[in-house]
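Residue numbers (the numbering used here): -12 to 302. A short worksheet on the structure shown next.
Structural data, given as structure tokens:
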């Protein structure tokens, strides 16, 4: 460090004196007086001091040396203070960086909040739209209920006259078209089911025809076996000419004999359809036939054009 000369002293506007070069450097970095902190500017607030030295004495020598020591002391103090300020500046810069980071985080959070507000507004608009759609659907539902409850043309005309909106009328027409399509599809399904039922009925009729043929053969066999018994019943009828009293008694005995069951014709015929056949409409059907008249009764029961039973003819 160079030594300060007495001729290079300068005073600030506050009155404090310093070495000219030293105080200039100080004011470049710190615009205030190092002693009283009075605001000053470099070169504009510095006043050069003009000193006259009359004679060199020992006392002047001592005073000069002391002033030089004071200047060195002040330089050291200024240097230390400058270091402290630089340290403080570093701390402030680091704190400024932290604050800038915090500010950037706050800005990011603000953007997120703004975006959330926009999303909330979108959701509110969508909610309002859904409410409007719900109201519209309720109106359409009411219209559908009114259409379902209609049974006559007059009621339909009164309902249509109450509709003021053309769009609602178009919707009614579309619903009616859709219902018509559904009815057409159901009719086609019913037609298919009817065809299946007719085919099943034809099959059942064939089976009944086969059963009637079988029963007709059984009835002929039973009639053949009952001829000898009928001949024995007709013989007493010829003897009625001999006398009225004997004819009456014989007639009563013949009547009793007719009422007796014939052993050959007392066979029971049981007909039972298969219970496991789900397609047969006569599920669980059974019948018991007694005597020779059962075959005719069975044929009448299975005939499709039967109206009333006919009297049995004797063979």
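Even glycine gets a Cβ: it sits at the ideal position worked out from N, Cα and C. In this text the structure is predicted, and so the values were computed from the model without any measurement.
Looking at the structure shown, is residue i part of a helix, part of a strand, or coil, going by DSSP?
i, result
"residue 156", "helix"
"residue 227", "Bear in mind that the predicted position of residue 227 carries a pLDDT of just 43, short of 50, making it unreliable; the figure below should be weighed with that in mind. Helix."
"residue 6", "strand"
"residue 115", "helix"
"residue 1", "coil"
How is the beta strand (DSSP E) around residue i delimited, first residue to last?
i, result
"residue -4", "-4 to -2"
What's the C-alpha gap between residue i and residue j?
i, j, result
"residue 36", "residue -2", "7 Å"
"residue 84", "residue 114", "44 Å"
"residue 182", "residue 202", "30 Å"
"residue 174", "residue 108", "52 Å"
"residue 132", "residue 119", "20 Å"
"residue 162", "residue 177", "22 Å"
"residue 179", "residue 167", "18 Å"
"residue 123", "residue 164", "21 Å"
"residue 71", "residue 77", "10 Å"
"residue 169", "residue 195", "38 Å"
"residue 91", "residue 73", "27 Å"
"residue 128", "residue 103", "36 Å"
"residue 67", "residue 4", "19 Å"
"residue 98", "residue 134", "53 Å"
"residue 11", "residue 101", "52 Å"
"residue 61", "residue 93", "46 Å"
"residue 204", "residue 198", "10 Å"
"residue 112", "residue 121", "14 Å"
"residue 34", "residue 2", "9 Å"
"residue 189", "residue 136", "41 Å"
"residue 117", "residue 110", "10 Å"
Excluding the five sequence neighbours on either side, which residues of its own chain have a C-beta within less than 8 Å of the C-beta of residue i, listed in chain order?
i, result
"residue 126", "155"
"residue 65", "9, 13, 21"
Skipping 5 residues on each side, what residues in its chain have a beta carbon closer than 7 Å to that of residue i?
i, result
"residue 6", "-9, -5, -4, 58"
"residue 27", "-1, 0, 14, 18, 19, 20"
On the DSSP bridge assignment, give the partners of residue i in chain order.
i, result
"residue 105", "None; residue 105 has no bridge partner."
Taking only beta-carbon atoms, is residue i less than 9 Å away from chain B?
i, result
"residue 112", "Of the chains in the structure shown, none is chain B; there is only one protein chain."
Excluding the 5 residues preceding and the 5 following residue i in the sequence, name in chain order all residues of the same chain whose CB lies nearer than 6 Å to its CB.
i, result
"residue 69", "none"
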